[in-house]
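Notes to accompany the following structure.
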Ligand code: PGA
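In the working numbering, the protein residues as written are 1 to 249.
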């Protein structure tokens with residue numbers, strides 16, 4: 001049985017003060033509670049130590065990116081061991097905003113995944129998803145297959161089952177539009193088939209697949225009720241404590 005995983009993607013929102021306020025309020029409101037899922041947030045680098053200091057033990061700290069080498073003259077980049085020092089356990093890789101605005105490609109995403117698994121205990125949340133034009137031309141599955149195959153190239157079989165894959169149709173991110181639960185299920189099931197064909201059904205059955213794109217407290221249930229959707233990657237609805245708690249509930 002795959003445990004659900006719900007991660008808030010804070011993107012470039014929240015100062016340290018705001019992150020601290022969020023966690024203080026979240027902790028106050030959830031004291032003594034336990035959630036039936038893995039959960040946490042992916043925050044800006046500047047907020048990671050605030051989360052480390054304030055978080056409850058089962059709250060996951062995730063980063064939104066990392067570099068694909070140990071150290072060096074890479075101005076503006078962050079290394080996996082720097083993240084691990086801050087108790088980061090997951091890192092989002094290949095978010096569509098990184099692909100679109102920061103020139104990330106299937107190849108650079110693949111380098112990052114190989115580096116993460118070979119150098120650290122971090123677990124990647126690999127994002128994939130099609131544009132509106134590709135969706136309208138019914139190219140979703142082709143695009144997803146290309147992205148997944150390229151991203152997973154040369155990864156070790158034993159690492160694949162630890163992976164989280166987030167299916168995020170780009171046209172649903174931040175737009176208020178969502179894929180229907182049936183559409184999202186169909187693509188997530190296809191992602192599992194792709195992994196099964198590359199490795200094995202047993203491995204594919206262990207991979208957790210999230211849906212992302214305008215997930216809110218009001219619609220999360222229908223997505224998580226689908227057999228191949230094991231969680232959500234949530235942007236704007238993760239920024240307010242009340243919404244975030246409702247998502248987890
Ligand atoms: P959204 O963002 O929930 O605001 O659509 C999702 C994401 O970009 O991960």
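Glycine included, each C-beta is placed from N, C-alpha and C at the ideal position.
All of these numbers come straight from a predicted model, not from anything done at the bench.
Beta-carbon separation (whole angstroms), residue i vs residue j, contact threshold 8 angstroms
{"i": "residue 130", "j": "residue 170", "result": "7 angstroms"}
{"i": "residue 14", "j": "residue 22", "result": "7 angstroms"}
{"i": "residue 62", "j": "residue 88", "result": "6 angstroms"}
{"i": "residue 94", "j": "residue 84", "result": "With 8 angstroms as the limit, residue 94 and residue 84 do not qualify as a contact, their Cβ atoms being about 20 angstroms apart."}
{"i": "residue 51", "j": "residue 79", "result": "Actually they do not touch by this definition, with Cβ atoms about 18 angstroms apart."}
Length of the line joining the Cα atoms of residue i and residue j
{"i": "residue 145", "j": "residue 207", "result": "16 angstroms"}
{"i": "residue 158", "j": "residue 119", "result": "15 angstroms"}
{"i": "residue 106", "j": "residue 32", "result": "42 angstroms"}
{"i": "residue 240", "j": "residue 39", "result": "15 angstroms"}
{"i": "residue 250", "j": "residue 117", "result": "Lying outside 1 to 249, the shown extent of the chain, residue 250 is not represented and no answer is given."}
{"i": "residue 36", "j": "residue 249", "result": "8 angstroms"}
{"i": "residue 222", "j": "residue 236", "result": "18 angstroms"}
{"i": "residue 100", "j": "residue 114", "result": "21 angstroms"}
{"i": "residue 149", "j": "residue 74", "result": "27 angstroms"}
{"i": "residue 186", "j": "residue 72", "result": "42 angstroms"}
{"i": "residue 132", "j": "residue 11", "result": "21 angstroms"}
{"i": "residue 205", "j": "residue 160", "result": "11 angstroms"}
{"i": "residue 34", "j": "residue 110", "result": "35 angstroms"}
Beta-carbon proximity check, residue i vs residue j, cutoff 9 angstroms
{"i": "residue 195", "j": "residue 152", "result": "yes"}
{"i": "residue 69", "j": "residue 92", "result": "no"}
{"i": "residue 125", "j": "residue 164", "result": "yes"}
{"i": "residue 138", "j": "residue 184", "result": "no"}
{"i": "residue 86", "j": "residue 123", "result": "no"}
{"i": "residue 42", "j": "residue 81", "result": "no"}
{"i": "residue 215", "j": "residue 175", "result": "no"}
{"i": "residue 217", "j": "residue 243", "result": "yes"}
{"i": "residue 228", "j": "residue 200", "result": "no"}
{"i": "residue 220", "j": "residue 247", "result": "yes"}
{"i": "residue 6", "j": "residue 90", "result": "no"}
{"i": "residue 135", "j": "residue 168", "result": "no"}
Contact set for residue i: own chain, Cβ-Cβ below 6 angstroms, skip 5 residues either direction
{"i": "residue 230", "result": "2, 4, 208, 209"}
{"i": "residue 59", "result": "40"}
Same chain only: Cβ atoms within 7 angstroms of residue i, ignoring 5 sequence neighbours per side
{"i": "residue 77", "result": "67"}
{"i": "residue 30", "result": "245"}
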